[in-house]
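Worksheet for the structure shown next.
Residue numbers (the UniProt record's numbering): 1 to 425.
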């Protein structure tokens, strides 16, 4: 179930204005009016199992729906992407699901197990189901999460406490260590790629695997292989072969963004075209001196930056504990939004809708209750969805503010008013 809670209903919550902040979702949401009325007139059912309800979020290559699993009579979240667009996320999530099942069996047999894989659900979304719909869409049924780091950064007006940033670093390193242990490179790390977790509020879930790939030594790189953003590594800008170090370098630039309250990349600066913007990002990162930029911050951030900067790209596996060691003095730290999520979860226990209420709203208890005329409209609605997304263009995330490339270079700046927080139960 998805609950939206207005900010003024949350106790002890910082006041946040409804000022507009940059996002990639608002305009695309306005382009889908036929899904904004809870899809009552033309219900869409996937594989006779999942009834799509509302569009939660729409980006340039993916659309996220609130849905009902008709077989289990439970709420769920479904992400749909255009089949013709590359997307490696299903393969990667399915790989870890299968590996986790194998490890569980191995553990039952008393054999040695990889603790990283055993706890993979602390770092990655769980893929419950996936498939192809009307030969135009791939869909994923995923577990529910809270908002992304990108959302919270805007929510707190680009100001996180040092303790919050440190916890983001530690949990991000854990997630990267997991995928690197399976020889995967993320290649598109950004603030929208990290989702907050509701089960264990200290965990972060890594998403946005559309551009991810297997790491291979001496791999030939084709021109324009990498989609660049402001957090891209120097190696990505130069078109070099990528290593696990490049993902950590992306994390470093994200940390600089958080520490400087968004000023490092100077978002107010205007550019004539994308080429100029890319060159500006490259020059900024190529001339980056940790001692200069981080001189007024706690020494642990400077040490972390230098440990990332001087990593040997060919050092595999990376000593991740060495990277996290600079923060060993910080214990029992929390995110700045922890109390907000706790308050919302408490409210939801009193205010949550039951599945029966959903059934009453949509007049549906099974597929039989949907008139044939409406079932025939399903492909037409989906074709409109495909057409809408194709007209928007291609990009790269799950839930509000997710699975989109945070630093992506778009020809227009889209805006959204932050008035509500979406939570997924």
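Backbone N, C-alpha and C define an ideal beta-carbon position, used for all residues, glycine too.
Sufficient close CB pairs (3 or more, under 8 Å) joining the segment 296-312 to the segment 249-262: Cβ pair count under 8 Å is three or more, so yes.
Own chain partners of residue 300 with C-beta closer than 7 Å, once the 5 adjacent residues on each side are dropped: Mapped onto the chain shown, residue 300 falls at position 300. 326 and 327.
6 Å Cβ shell around residue 76 - same chain, five flanking residues per side excluded: Translated into positions along the chain shown, residue 76 becomes position 76. The answer, listed in chain order, is 67, 69 and 141.
Helix, strand or coil at residue 271 [DSSP, three-state]: The sequence position of residue 271 within the chain shown is 271, counting from 1. Coil, per DSSP.
Cβ distance (whole Å) where residue 245 is taken to contact residue 281 below 8 Å: Against the chain shown, residue 245 aligns to sequence position 245. Against the chain shown, residue 281 aligns to sequence position 281. In this structure residue 245 does not touch residue 281 by the C-beta definition: roughly 18 Å separates them, more than the 8 Å allowed.
Of the residues 297, 275 and 285, the one placed nearest residue 234, counting alpha carbons only: If you number the chain shown from 1, residue 234 lands on position 234. When the alpha-carbon of residue 234 is set against those of 297, 275 and 285, the nearest one is in 285.
The segment 49-57 in contact with the segment 171-178 per 3-pair CB rule at 8 Å: Output reads no: the segment 171-178 does not touch the segment 49-57.
is_contact[residue 136, chain C] using C-beta, thresh 7 Å: Annotation note: the requested chain C is absent from the structure, which comprises a single protein chain.
Inter-stretch contact at 8 Å, needing at least 3 Cβ pairs: the segment 131-151 / the segment 185-197: Taking 8 Å as the limit for Cβ pairs, the verdict is that the segment 185-197 does touch the segment 131-151.
Nearest candidate by alpha-carbon position, reference residue 214, set 130, 186 and 338: Sequence index remark: in the chain shown, residue 214 carries index 214 (1-based). When each option's Cα is compared against that of residue 214, the closest is 186.
Selected residue, minimal CA-CA separation from residue 167, among 340, 290, 314 and 332: Mapped onto the chain shown, residue 167 falls at position 167. Considering only 340, 290, 314 and 332, the residue with the shortest C-alpha distance to residue 167 is 332.
Residue ranges of each alpha helix (DSSP H) within the segment 187-269, 4 or longer: DSSP runs (the alpha helix (DSSP H)) wholly in the segment 187-269: 234-238 and 244-259.
Other residues of its chain near residue 297: CB distance less than 7 Å, five sequence neighbours each side excluded: Reading the chain shown from its first residue, position 297 is the one you call residue 297. The answer, listed in chain order, is 259.
Through-space distance from residue 46 to residue 71, alpha-carbon basis: Stepping through the chain shown from its first residue, residue 71 is reached at position 71. Stepping through the chain shown from its first residue, residue 46 is reached at position 46. Those two C-alpha atoms are separated by around 12 Å.
Exposed unless 16 or more other CB atoms sit within 10 angstroms - verdict on residue 389: Sequence index remark: in the chain shown, residue 389 carries index 389 (1-based). Low local confidence applies: a pLDDT of 37 at residue 389 is under 50, so the model's placement there is unreliable, with the coordinate-based value given in what follows. It counts as buried.
Burial state of residue 144 (16 or more Cβ within 10 Å): Translated into positions along the chain shown, residue 144 becomes position 144. Burial call: buried.
For residue 139, the nearest candidate out of 126, 90 and 173 (CA to CA): Here residue 139 refers to the residue found at position 139 when the chain shown is read from its first residue. With distances taken between Cα atoms, residue 139 lies closest to 90.
Residue 66 - DSSP class collapsed to helix/strand/coil: Translated into the one-based positions of the chain shown, residue 66 becomes position 66. Assigned with DSSP and collapsed to three states, residue 66 falls in strand.
Assumed close pair residue 53, residue 125 - CB separation to whole angstroms, cut-off 8 Å: In the chain shown, residue 53 corresponds to position 53, counting from 1. In the chain shown, residue 125 corresponds to position 125, counting from 1. With 8 Å as the limit, residue 53 and residue 125 do not qualify as a contact, their Cβ atoms being about 20 Å apart.
Cβ-Cβ separation, residue 156 to residue 283 (assumed contact under 8 Å), whole Å: As a first step, residue 283 is located in the chain shown; it is residue number 283 there, counting from the start. As a first step, residue 156 is located in the chain shown; it is residue number 156 there, counting from the start. That pair is no contact at about 29 Å.
Classification of residue 169 by the beta-carbon crowding that lies within 10 angstroms, buried from 16 upward: Counted from its first residue, the chain shown places residue 169 at position 169. By the Cβ neighbour-count rule, residue 169 is buried, with 16 or more other Cβ atoms within 10 Å of its own.
For residue 120 and residue 345, the rounded distance between their alpha carbons: Taking the chain shown and counting its residues from 1, the one referred to as residue 345 is at position 345. Taking the chain shown and counting its residues from 1, the one referred to as residue 120 is at position 120. Taking the straight line joining both Cα atoms gives about 24 Å.
N- and C-terminal bounds of the beta strand (DSSP E) containing residue 128: If you number the chain shown from 1, residue 128 lands on position 128. Start and end: 127-133.
Neighbourhood of residue 165 by C-beta, 6 Å cutoff - its chain only, sequence neighbours within 5 removed: Mapped onto the chain shown, residue 165 falls at position 165. Listed in chain order, the non-local C-beta contacts of residue 165 below 6 Å within the same chain comprise 258, local neighbours out to five positions each way being set aside.
Test item: CB-CB of residue 198 and residue 146 under 7 Å: Translated into positions along the chain shown, residue 198 becomes position 198. Translated into positions along the chain shown, residue 146 becomes position 146. With contacts defined by Cβ atoms closer than 7 Å, residue 198 and residue 146 form a contacting pair.
Residue 293 in three-state terms, based on DSSP: Taking the chain shown and counting its residues from 1, one reaches residue 293 at position 293. Helix at residue 293.
Close-in-space but distant-in-sequence residues of the same chain around residue 330 (CB under 6 Å, 5 per side omitted): Here residue 330 refers to the residue found at position 330 when the chain shown is read from its first residue. So the list reads 166, once near-sequence residues are dropped.
Sheet register partners of residue 76 (DSSP bridge): Your numbering for residue 76 matches position 76 in the chain shown. Note: residue 76 sits in a beta bridge opposite 67.
CB contact flag (residue 78, residue 65, <7 Å): Against the chain shown, residue 78 aligns to sequence position 78. Against the chain shown, residue 65 aligns to sequence position 65. Yes.
C-beta atoms of residue 209 and residue 88 nearer than 7 Å: Here residue 209 refers to the residue found at position 209 when the chain shown is read from its first residue. Here residue 88 refers to the residue found at position 88 when the chain shown is read from its first residue. Yes. Within cutoff.
Beta-carbon proximity list for residue 133, same chain, < 8 Å, skipping 5 on both sides: The count along the chain shown starts at 1 and reaches residue 133 at position 133. Same-chain partners within the cutoff: 46, 47, 80, 139 and 382.
Nearest candidate by alpha-carbon position, reference residue 261, set 267, 158 and 93: Looking up residue 261 in the chain shown gives position 261. Of the residues 267, 158 and 93, the one whose Cα lies closest to the Cα of residue 261 is 158.
For residue 326: DSSP bridge partner residues: On the chain shown, position 326 is the one that residue 326 refers to. According to DSSP, which records beta bridges pairwise, residue 326 is partnered with nothing at all.
Which of helix, strand or coil DSSP assigns to residue 42: Position 42 of the chain shown, counted from the start, is the residue given in the question as residue 42. In the three-state reduction of the DSSP assignment, residue 42 falls in the coil class, being assigned neither a helical nor a strand state.
Whole-angstrom distance between residue 86 and residue 241, CA atom to CA atom: Here residue 241 refers to the residue found at position 241 when the chain shown is read from its first residue. Here residue 86 refers to the residue found at position 86 when the chain shown is read from its first residue. Distance between residue 241 and residue 86, taken at the CA atoms: about 20 Å.
Closest by C-alpha distance to residue 427, when choosing among 312, 182 and 324: Residue 427 cannot be examined here, being either before or after the span of the chain that is shown, 1 to 425.
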